[in-house]
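Asks:
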Amino acid sequence: MRSEKSWRVLVCEPDARGQEIIREYLQDSPIKAFFTSPIERLENTLAKHSPFNAVVIDLSDPATKLCNKIVAAVKQFAPGAEVIFMSRLADEMLWSQVLALGAYDLLPTPPERGEFLRTIYSAVRHPPAAA
């Protein structure tokens, strides 16, 4: 019997349609997705259900202070997990800002299937950054 590697990914997506899209993208993958919303529940979910290999957060308000707080919470409660942000406001400036805060990547909302899967697989296979 072949044992396939599986990964745990926490998805903070406030929109029901967005959750449905991500579930569809991941349905035939070795990635087990856990969903939480709103963003205020993220720390509690991380604390109770870690470990995770990656955390995907859809930002309705991509304020730098909020992004910094999210990255810090993930590092505290899910060390080694990569942070992937999604935003309708994704552009090069926001991308460089979230990477500077320690995020793994930024995707546009809604994400394109191929790009989403490539990013997730790359993140969960990526060795954790040095603390």
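Count along the sequence shown from 1, then add 461; that gives the number in my numbering.
Just so you know, even glycine gets a beta-carbon here, dropped at the ideal spot from N, CA and C.
These numbers were taken from a predicted model, which means no experiment stands behind them.
1) Where does Ile483 land, buried or exposed, given buried means 16+ other C-beta within 10 angstroms?
2) Answer with buried or exposed for Ser464, where buried requires no fewer than 16 other C-beta atoms within 10 angstroms of its C-beta.
3) In the DSSP output, which residue or residues are listed as bridge partners for Leu550?
4) From what residue to what residue does the beta strand (DSSP E) around Leu567 run?
5) Please report the straight-line C-alpha distance between Gly541 and Leu503, rounded to a whole angstrom.
6) To which residues of the same chain is Lys509 closer than 6 Å at the C-beta, ignoring the five residues directly before and after it?
7) Per DSSP, what are the beta-bridge partners of Thr580 in this structure?
8) My output table needs one value for Phe495: the three-state DSSP class, helix, strand or coil.
Replies: On the basis of the coordinates in this document:
1) Looking up residue 483 in the sequence shown gives position 22. Its Cβ being crowded by 16 or more others within 10 Å, Ile483 is buried.
2) Numbered from 1 along the sequence shown, position 3 holds the residue referred to as residue 464. At Ser464, the pLDDT of 40 sits below 50, so the modelled position is not reliable; the number obtained from the coordinates is stated separately. Around the beta carbon of Ser464, fewer than 16 other beta carbons lie within 10 angstroms, which makes this residue exposed.
3) Mapped onto the sequence shown, residue 550 falls at position 89. Per DSSP, none; premise fails for Leu550.
4) In the sequence shown, counting from the first residue as 1, residue 567 sits at position 106. Where Leu567 is concerned, the enclosing beta strand (DSSP E) stretches over Asp566 to Pro569.
5) Mapped onto the sequence shown, residue 541 falls at position 80. Mapped onto the sequence shown, residue 503 falls at position 42. Approximately 16 Å, taken between the alpha carbons.
6) Here residue 509 is taken as the residue at index 48 of the sequence shown, counted from 1. There are no such residues.
7) By one-based count along the sequence shown, residue 580 stands at place 119. None; Thr580 has no bridge partner.
8) Position 34 of the sequence shown, counted from the first residue, corresponds to residue 495. If DSSP states are grouped into helix, strand and coil, Phe495 belongs with the strands.
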